[in-house]
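*Asks:* Per my numbering: the sequence shown = residues 2 to 111. The C-beta atom is built at its ideal place from N, Cα and C for all residues, glycine as well. Only a predicted model underlies this, so the values are computations on that prediction, with no experimental measurement involved.
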Amino acid sequence: MKRTVKLAIALVAFGFSIPGFAADQDVSLVIRNNRFEPQEVRVPAGQKIRLLVKNLDAAAEEFESHELNREKVIAAGATATIYIGPLSPGRYPFFGEFHESTARGAVVAE
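Here is the structure:
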C-alpha cells in the first residue's frame, strides 16, 4: 500500500479530517461533570458520521471506543471532531478513559 494511503487511513482512525471524507450527518456530544450527554445517540446505519464532542469540564477527557476503533483526547473547553462509519446496524459503546466509571455512552446505528 502506498505511503499516502497508509497516512490517510491512520489520520481517519484517530479522528482527523481529510479531504474526501464528508460526513452524511453531524452528531453532537457534550462532556459535562465527567459524563457524556446524551449517553446514547442514534444514527442511521450505512452513513458516515461526524461526532462533535465538546468538553465543558475543567479537565481533559479521552473519548475512546474499541468497537469504533477511535480514541481522542479532548482538552478542557475544547471541541473535537471524530469521524466514524459507515456503521453496520448495532450498538457501539464508548467511554471516557480518564473517568471511565461515569463517562460512558453508546452510538446505536439503525
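(1) Looking at V54: is its Cβ nearer than 8 Å to the Cβ of T80?
(2) Should E62 and N70 be called a contact, given that it needs their Cβ atoms to be closer than 8 Å?
(3) Determine the direct distance from the alpha carbon of H67 to that of L52, and round the result to whole angstroms.
(4) Under 8 Å between the Cβ atoms of D27 and Q48?
(5) Straight-line CA distance for N34 to V42?
*Replies:* Taking the coordinates as given:
(1) Reading the sequence shown from its first residue, position 53 is the one you call residue 54. Reading the sequence shown from its first residue, position 79 is the one you call residue 80. In this structure, T80 lies closer than 8 Å to V54 by Cβ.
(2) To locate residue 62, count along the sequence shown from 1; it is residue 61. To locate residue 70, count along the sequence shown from 1; it is residue 69. Not in contact: E62 and N70 (Cβ atoms no closer than 8 Å).
(3) Taking the sequence shown and counting its residues from 1, the one referred to as residue 52 is at position 51. Taking the sequence shown and counting its residues from 1, the one referred to as residue 67 is at position 66. Taking the straight line joining both Cα atoms gives about 16 Å.
(4) For the purposes of this step, residue 27 is taken as the residue at position 26 of the sequence shown. For the purposes of this step, residue 48 is taken as the residue at position 47 of the sequence shown. Not closer than 8 Å, so no.
(5) By 1-based counting over the sequence shown, the position of residue 34 is 33. By 1-based counting over the sequence shown, the position of residue 42 is 41. Taking the straight line joining both Cα atoms gives about 18 Å.
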